[in-house]
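Protein chains: 2
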Amino acid sequence: MMKPRILAIRKNMLEKNDFLARKLRSDFSKNRLFVVNIVSSPGSGKTELLVKLIKSLSRHKIKAGAIVGDLATDNDARRIKATGARTVQINTDGNCHLDAEMINRSLKKLNYKNLDFLFIENVGNLVCPAGYDLGENIRIVLMSVTEGEDKPSKYPVMFNSSDLCVISKTDLSEVCNFKKKLAEENILNVAPDIKILSISARKGHGLNQLIDCLISLKKQQELK
Amino acid sequence: MMKPRILAIRKNMLEKNDFLARKLRSDFSKNRLFVVNIVSSPGSGKTELLVKLIKSLSRHKIKAGAIVGDLATDNDARRIKATGARTVQINTDGNCHLDAEMINRSLKKLNYKNLDFLFIENVGNLVCPAGYDLGENIRIVLMSVTEGEDKPSKYPVMFNSSDLCVISKTDLSEVCNFKKKLAEENILNVAPDIKILSISARKGHGLNQLIDCLISLKKQQELK
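For the record, the sequence lines run as chains A and B.
Heads up: the first sequence begins at 87 in this note's numbering, then just goes up one per residue.
Heads up: the second sequence begins at 87 in this note's numbering, then just goes up one per residue.
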């Protein structure tokens, strides 16, 4: 059981985080920048998806940048930078999630003027990033078919706090004996309002639907 | 940056955890119980491995029990209980790892007398469980071929704090284009003393080597 003193400190930290996140969201909005926070288990294909997504958006003359979080290495930033996109790597030095302060510091290195989209690739972790608002407009949770259908039931807060669930690596559905209907039931059971899409970044399946969805959400945001 | 007050509280919590973990380890030793803490990303196949492992051990007249940690659901405990093994589910209610106190409470529900092995399936998370000693004799980190070869570089503490790395789901190596040699280099780069084994729990590959390894480690422990 968490002690009251620790609960109070944690509450205080979250309040400070949320205050800064609201400020960031307002800045993003003034710059007509649509910000997407991508969360998932380690190895669900966040980086591969981002590489394909940014390349496709670029062909539509839509500019995207990225902030990438990991405990260690700059592997992911290098992969995304190779698309030509402005990219900043955050190393959390053991911390299990990104927070608004880390994003705020990264923005000083990332010139986000004239960008349409900013993708934030969070630390691979289905627990800790759930509680931290980064000032994003939407949160996408990726769930790979290799992880099994029960992850939404086991990590309900992460799915419930997301706007869009992307089922990834669908080219492996058959060999993994993935039951899509069961997975969708489990997702909707903990997150009744979530939108669900399926993709295979490797095969390029489902990318166009995801791009249409992102563009439409960006337009809705700008009309608010 | 973590504030000094929070660092002090965290240090204090970890000290209390380690004190209790040492007591548990001593109790386990008196009962000739060998305890294995299994950590991994969500969906790397911990439960499937345990089900197959416990069944195989049972055919060798070796008795194993399990404590299973999840944020929510008792899915995993039900799967393991179906093998006939004594099993206790811990629901962490949002907490991202097990700790020694949770294990201590579970032991009151699990009669571990006459058991040879106790497997603790930790919360699926490659970050937070690394810092928490549960009184185990060895820690096994599972890494599925579907997650890519770079996870050891990105989550070095988890691999470095483990005694054995089990590469899982090897039946999917080819479709995932998994580079085993590169993965092994990455593992040994952050954990030079770790032992590496490969398994496919689904196909039954590598289970015998893993069982031989566990029995041999148990014997070494008893000679200490």
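Ideal Cβ positions, reconstructed from N, Cα and C, are used throughout, including at glycine.
For residue i, which three-state DSSP category applies?
i, result
"B/ILE226", "strand"
"A/GLU173", "Residue 173 of chain A is actually Thr in this sequence, not Glu. Of the three classes helix, strand and coil, the one that applies to A/THR173 here is strand, per DSSP."
"B/SER144", "helix"
"B/LEU250", "strand"
"B/LEU274", "helix"
"B/PHE264", "coil"
"A/ILE206", "strand"
"B/ASN117", "coil"
"A/MET87", "Below a pLDDT of 50, predicted positions are generally treated as unreliable, and A/MET87, at 45, falls in that range; the measurement from the model is reported next regardless. Here A/MET87 sits in coil by DSSP."
"A/GLY151", "strand"
"B/SER193", "Correcting the residue identity first, residue 193 of chain B is Leu in this sequence and not Ser. Three-state result, B/LEU193: helix."
"A/LYS281", "strand"
"B/ASP162", "helix"
"B/SER286", "strand"
"B/ASN294", "helix"
"B/ASN98", "helix"
Since residue i meets chain A, which of its residues come closer than 7 Å, beta carbon to beta carbon?
i, result
"B/GLU233", "PRO128, GLY129"
What residues from chain A crowd round residue i, counting only those whose CB sits closer than 8 Å?
i, result
"B/SER230", "GLY129, THR232"
"B/ASP236", "THR159, ASN161"
"B/ALA125", "According to the sequence as given, residue 125 of chain B is Val; it is not Ala. Result: empty, since nearest Cβ-Cβ is about 12 Å, beyond 8 Å."
Does residue i pass the burial test, meaning 16 or more other C-beta atoms within 10 Å, or should it be called exposed?
i, result
"A/PHE105", "exposed"
"A/LYS289", "exposed"
"A/GLN320", "It is not possible to answer for residue 320 of chain A, since the shown part of chain A is limited to 87 through 310."
"A/ARG225", "buried"
"A/GLU101", "exposed"
"B/GLY170", "exposed"
"B/ALA168", "exposed"
"A/LEU201", "buried"
"B/MET87", "Confidence at B/MET87 is low in this model, with a pLDDT of 45, below 50, so the placement of that residue should be treated as unreliable; the coordinate-derived value is given next. Classification for B/MET87: exposed."
"B/PRO242", "buried"
"B/LYS97", "exposed"
"A/ASP185", "buried"
"A/LYS109", "exposed"
"A/LYS138", "buried"
"B/ASN294", "exposed"
"A/ASN123", "buried"
Along chain B, which residues have their Cβ under 9 Å away from the Cβ of residue i?
i, result
"A/VAL42", "The question about residue 42 of chain A has no answer, for chain A in this structure spans 87 to 310."
Below 9 Å on C-beta distance, what does residue i contact in chain A?
i, result
"B/LYS97", "Within 9 Å Cβ-Cβ: nothing; B/LYS97 doesn't reach chain A, min ~13 Å."
Closer than 7 Å by beta-carbon distance: list the chain B residues that pair up with residue i, in chain order.
i, result
"A/GLY180", "VAL243"
In chain B, which residues lie less than 8 Å from residue i when you measure between Cβ atoms?
i, result
"A/SER50", "With chain A covering only 87 through 310, there is no way to say anything about residue 50 of chain A."
Can you give the beta carbon distance from residue i to residue j, rounded, assuming they're within the 8 Å contact cut?
i, j, result
"B/ARG172", "B/ASN197", "6 Å"
Is it the case that the CB of residue i approaches a heavy atom of the ligand MN more closely than 7 Å?
i, result
"A/LYS305", "Among the components of this structure there are no ligands whatsoever, and the ligand MN is therefore not found."
* For the region 205-222 of chain A, which residues have a CB atom closer than 8 Å to at least one CB atom of chain B, in sequence order? -> VAL209, GLY210, ASN211, LEU212, VAL213, CYS214
* Quick one, which residues of the region 248-271 of chain B are near chain A if we go by CB-CB under 7 Å, in chain order? -> LEU258, VAL261
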